[in-house]
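According to this note's numbering, the sequence shown is numbered sequentially starting from 4.
Ideal placement from N, C-alpha and C gives every residue a C-beta, glycine not left out.
What follows is a set of notes on a single structure, which appears directly below.
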Amino acid sequence: MQLIRRNRILRQSPAIRAMVAETILKPSDFIAPLFIVEGKGVKEEISSMQGYFRMSIDLTVQEVKELWSLGIKSVLLFIKCNDELKDNKGTEALNPDGLMQRSIKAIKGACPDMVVMTDVALDPFSTYGHDGIVDGKEIVNDPTVAVLAQMSVSHALAGADFVAPSDMMDGRILAIRLALEEAGLTRTGILAYSAKYASCFYGPFRDALDSAPGFGDKKTYQMDYANRIEAIKETMMDIDEGADIVMVKPAMAYLDIIREVSDNVQVPVSAYHVSGEYAMIKAAAKMGWLDENKAILESLTSIKRAGASLIATYFAKDAAKLING
Ligand code: PBG
4 MQLIRRNRIL
14 RQSPAIRAMV
24 AETILKPSDF
34 IAPLFIVEGK
44 GVKEEISSMQ
54 GYFRMSIDLT
64 VQEVKELWSL
74 GIKSVLLFIK
84 CNDELKDNKG
94 TEALNPDGLM
104 QRSIKAIKGA
114 CPDMVVMTDV
124 ALDPFSTYGH
134 DGIVDGKEIV
144 NDPTVAVLAQ
154 MSVSHALAGA
164 DFVAPSDMMD
174 GRILAIRLAL
184 EEAGLTRTGI
194 LAYSAKYASC
204 FYGPFRDALD
214 SAPGFGDKKT
224 YQMDYANRIE
234 AIKETMMDID
244 EGADIVMVKP
254 AMAYLDIIRE
264 VSDNVQVPVS
274 AYHVSGEYAM
284 IKAAAKMGWL
294 DENKAILESL
304 TSIKRAGASL
314 IATYFAKDAA
324 KLING
């Protein structure tokens, strides 16, 4: 054969492949989600997320230092609220001495350069396990947004660098931005969960925080996975309302959405490789059906290749170690 172009030339050795690789993962691509519980010395494995733990603040602080030493630059905090503090108004979410607020202060105190992001939604604080205030069978938008704005200010005052509203209420980004401005919190960023789909892949996360909805589902606020154009609309609106970083969630079943969003916006795009995606790899690896490390790197590379420059993932630490060698 006489060929003008032999594509295998660029694949023939590890050195050449490294030279022409288009997508390179680095530890600073990752946002490490952390689940925080009350107590001291507490480290509980989440049953549906093997190898992932809920930890008390003291152990969380140690974990954050280790993440920083591996090159990870940001953590995303979630707290497990004790049942007796839950209500239908998000009261505990606003407590200046609440678990979230104490966690932010402890982490920023011990590792000031780590970028601390906080989940803003009512589900961990809600007796109903919904992201907003419930009235009858409805999750009411505007009263919820008012609480989310106050919650964001409370996190920012405790030292959060970014607030990350994950609730999918209408108008919350603008309300949060205005509340931050009004409080003089002009350095706090907003990472908006802009295209968040109503997904079964959040199941293990709800185990982690005991936050599964008590009635119904989240389909009146999270997006229908049948839709694509709606994701662009949601994302564009969040950017207009002041989002600094946008997010597509989940990641691997939504790579088309990540690509389309990243082709259409002028802000950094993130994606959330969610709990169910973690659990699938873990379960298959445990059965000996997948090579876990290879599955991690291939998955995260595909998410970055799709257009996400930041990836929230429970594999952040593992991936950073693999990358660092
Ligand atoms: C809460 C929230 C959820 C996740 C992040 N923030 C769960 C939900 O919306 O039900 C999911 C994260 C994951 O599955 O890893 N608003």
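Counting the other CB atoms within 10 Å of its CB gives residue 30 a total of 16 or more, which places it among the buried residues. Residue nearest to residue 309 within the set 111, 124, 276 is 276 (criterion: CA-CA distance).
Taken from the Cβ of residue 32, every heavy atom of the ligand PBG lies 6 Å or farther away.
With a contact defined as Cβ atoms closer than 8 Å, residue 237 and residue 177 miss out at about 13 Å. Each of 134, 209, 98 was checked against the Cα of residue 157, and the nearest Cα belongs to 98. Within the stretch 281-322, the runs of beta strand (DSSP E) at least 3 residues long that lie entirely inside it are, in chain order, 313-316.
For residue 242, the enclosing alpha helix (DSSP H) has its first and last residue at 232-243. Counted as a single uninterrupted DSSP element, the stretch harbouring residue 56 is not any alpha helix (DSSP H) but the beta strand (DSSP E) occupying residues 52-59. Excluding residues up to 5 positions away in sequence, 201 lie with their Cβ nearer than 8 Å to the Cβ of residue 222 in the same chain. Residue 111 is a Cβ neighbour of residue 162, given a cutoff of 7 Å. Assignment of residue 158 by DSSP, reduced to helix, strand and coil, places it in the helix class. Per DSSP, reduced to three states, the secondary structure at residue 63 is helical.
Closest by C-alpha distance to residue 91, out of 287, 322, 136, 248, is 136. In this structure, residue 124 has its beta carbon less than 6 Å from a heavy atom of the ligand PBG. For residue 205, the three-state secondary structure derived from DSSP is helix. At the C-beta level, residue 167 and residue 122 come within 7 Å of one another.
Residue 117 is positioned such that its CB atom lies no closer than 7 Å to that of residue 278. Under the 10 Å beta carbon count, residue 185 is surrounded by fewer than 16 other beta carbons and is classified as exposed. Counting only runs of 4 or more residues that sit fully inside the stretch 175-223, the alpha helix (DSSP H) segments are 175-185, 206-212, in chain order.
With 16 or more other Cβ atoms from the protein chains shown falling within 10 Å of its own Cβ, residue 207 counts as buried.
Per DSSP, residue 45 lies in no beta strand (DSSP E) segment and is marked neither H nor E. Excluding sequence positions up to five before and after residue 69, its CB lies within less than 8 Å of the CB of 320, all in the same chain and listed in chain order. For residue 107, the enclosing alpha helix (DSSP H) has its first and last residue at 102-113. Take the alpha-carbon of residue 281 and the one of residue 258: they are about 16 Å apart. Following the DSSP letters along the chain, one finds residue 227 in no alpha helix (DSSP H), marked with neither H nor E. In this structure, residue 143 lies away from residue 93, with their beta-carbon atoms at least 7 Å apart. According to the DSSP assignment, residue 120 belongs to the beta strand (DSSP E) that extends over 118-123. Taking the CA atoms as reference points, residue 18 sits about 12 Å from residue 12.
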